[in-house]
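Q: Pasting a structure here, questions to come.
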Amino acid sequence: MSRPPDLAGRVAEFIAEHQLLEPGQPLLALVSGGADSLCLWGVMRELGHSVEALHVEHGLRGRRGLDDAAYCAALGATVVPVDLEPGGNLEARAREARYRAARDQAGGRPIATGHTLSDQAETVVYRLASSSGPRAISAMRPGADGVVRPLLCVTAAETRAWCTGRALEPRDDETNADPAFRRNLIRHEVMPALMRVHPGAELNLARSAELLAELDDLVSELAGDHVSDVIDLEQVAELPRALRVLVLREAAERAAGRPLRLPRQLTGRLEQLAERRGGVERLSLAADLEAVRDRTHLSFTAPSL
Numbered sequence: 008m009s010r011p012p013d014l015a016g017r018v019a020e021f022i023a024e025h026q027l028l029e030p031g032q033p034l035l036a037l038v039s040g041g042a043d044s045l046c047l048w049g050v051m052r053e054l055g056h057s058v059e060a061l062h063v064e065h066g067l068r069g070r071r072g073l074d075d076a077a078y079c080a081a082l083g084a085t086v087v088p089v090d091l092e093p094g095g096n097l098e099a100r101a102r103e104a105r106y107r108a109a110r111d112q113a114g115g116r117p118i119a120t121g122h123t124l125s126d127q128a129e130t131v132v133y134r135l136a137s138s139s140g141p142r143a144i145s146a147m148r149p150g151a152d153g154v155v156r157p158l159l160c161v162t163a164a165e166t167r168a169w170c171t172g173r174a175l176e177p178r179d180d181e182t183n184a185d186p187a188f189r190r191n192l193i194r195h196e197v198m199p200a201l202m203r204v205h206p207g208a209e210l211n212l213a214r215s216a217e218l219l220a221e222l223d224d225l226v227s228e229l230a231g232d233h234v235s236d237v238i239d240l241e242q243v244a245e246l247p248r249a250l251r252v253l254v255l256r257e258a259a260e261r262a263a264g265r266p267l268r269l270p271r272q273l274t275g276r277l278e279q280l281a282e283r284r285g286g287v288e289r290l291s292l293a294a295d296l297e298a299v300r301d302r303t304h305l306s307f308t309a310p311s312l
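Next comes the structure, spelled out in structure tokens:
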């Protein structure tokens, strides 16, 4: 019986399966100093990639943050300080600043992050609680918008073991234990409870995200064949109802230029609008978007003044 592939071998298979990188392709890796990002940095070099590691210092954790930056710099990482834009949601602002710095530094190279299978499972749980629909629950994609996540096939426990096996001492971010952050509440309370329900919970949640992503891609492709700037409602009426609704949603999202989480009631009103034929009707879908039906044709546009 052949031995299963080691961690680096599994990552290589995952990269090839999802066509994330070409062999030896140069890349930029975001490195915090934690086990996941150190494992990412090392494994990608093991696989023959030329890796520049980037540590982004947000200036949020005082001396501890500076110590993390010095630790990464000592290992060979480039350290870039950033200032956060004012506003709410500190986590989101820090993430946006981090990716903005990474894109500036990458110069067109793919940006690799150390998100793991464990992170994926936690994201699915959060999305199940806070969102709905396959697109939301499909969570993080292996690759999108120039960002690749080669470690989505590896658990956090495995990245820690990888570091231990190489005598690396990852840095611990003390904010990861703060229950005020929802991610920590899921990591330290919800996930252990789910693992007691079933020891394969982490893997099953991450696998569900992968399958739902494939389903969402298929559905988007099917709906996309019928989406245009102006929809012929007579043609759309011949589609199965589920696909017809998806076409309307896809058209609205394309016009908006962003995902729209339309409530079920509003989606129902949009469907009813598309079924009627007389005169001109308008339906507000968002502050900057409305559906306009002119007899047998439907379009999405900014509200008229």
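Per my numbering, the very first residue in the sequence shown carries number 8; after that it's consecutive.
A virtual CB, placed ideally from N, CA and C, is assigned to each residue, including glycine.
These numbers were taken from a predicted model, which means no experiment stands behind them.
1. Which same chain residues end up closer than 8 Å to S215 when comparing Cβ atoms and leaving out the 5 residues on each side of it in sequence?
2. Could you compute how far the alpha carbon of C79 sits from the alpha carbon of A262?
3. To the nearest angstrom, report how far apart G4 and V197 are at their CA atoms.
4. How far does the alpha helix (DSSP H) with T308 in it extend, from its first residue to its last?
5. Can you give me the start and stop residues for the beta strand (DSSP E) that D232 sits inside?
6. Give me, in chain order, the residues of the same chain whose beta-carbon lies closer than 6 Å to that of A213; leave out the 5 immediate sequence neighbours on both sides.
7. Tell me the rounded alpha-carbon separation between D185 and R100.
8. When you compare only the Cα positions, how much space is there between D236 and E257?
9. To the nearest angstrom, how far is it from the Cα of G40 to the Cα of I22?
10. Do the CB positions of R289 and V299 come within less than 7 Å of each other?
11. Since H62 and V38 are thought to touch, with beta carbons under 8 Å apart, how far apart are those beta carbons, to the nearest angstrom?
12. Taking the DSSP output, what are the residues bridged to D90?
13. If you follow the beta strand (DSSP E) that L97 is in, where does it begin and where does it stop?
14. Just to confirm my understanding: we take L280, look at its own chain, exclude 5 residues before and 5 after, and list those with CB closer than 8 Å. What are they?
15. Measuring only the C-alpha atoms, how far is S138 from A81?
16. Residues in the same chain with beta-carbon distance under 8 Å from E342, minus the five sequence neighbours each way, listed in chain order, please.
17. Between which residues of its own chain and L253 is the CB-CB distance below 7 Å, once the five residues before and five after are set aside?
18. Cutting at 8 Å between CB atoms, please list the residues of its own chain near E53, excluding the five before and the five after it.
19. Which stretch, first to last residue, makes up the beta strand (DSSP E) that contains L290?
20. Leaving out the 5 sequence neighbours to the left and right, which residues in its chain are closer than 6 Å to R17 when beta-carbon positions are compared?
21. Do you know whose CA, among A220, E241, H233, A19, lies nearest G31's CA?
22. Less than 8 Å between the CB atoms is what I'm expecting for V155 and P117, so what's the real figure, rounded?
23. Under the assumption that L201 contacts A259 (Cβ atoms under 8 Å), give the Cβ distance between them as a whole number of angstroms.
24. Could you say which of F188, I193, R148 lies nearest to L135 if we only look at CA atoms?
A: The answer reads as follows:
1. V131, I144
2. 43 Å
3. This structure leaves residue 4 out entirely; the chain is present only between 8 and 312.
4. Careful: T308 lies outside any alpha helix (DSSP H), inside the beta strand (DSSP E) at 304-308.
5. First-last for D232: undefined, no H or E at that position.
6. L124, Q127, A128
7. It is roughly 18 Å from the alpha-carbon of D185 to the alpha-carbon of R100.
8. 11 Å
9. 23 Å
10. yes
11. That belief holds up - the Cβ atoms of H62 and V38 are roughly 5 Å apart, short of 8 Å.
12. Answer is none; D90 lacks a bridge partner.
13. L97 -> not in any beta strand (DSSP E); alpha helix (DSSP H) instead, spanning 97-113.
14. Counting only Cβ-Cβ distances below 8 Å, and skipping sequence neighbours, we find E288, L290, A298, R300, L305.
15. Distance between the alpha carbons of S138 and A81: 41 Å.
16. A query on residue 342 cannot be resolved here, the shown segment of the chain reaching from 8 to 312 and no further.
17. V226, A230
18. A15
19. Segment 287-293, the beta strand (DSSP E) holding L290.
20. C160
21. Per the C-alpha coordinates, the member of A220, E241, H233, A19 positioned closest to G31 is A19.
22. 5 Å
23. About 35 Å; that fails the 8 Å criterion.
24. I193
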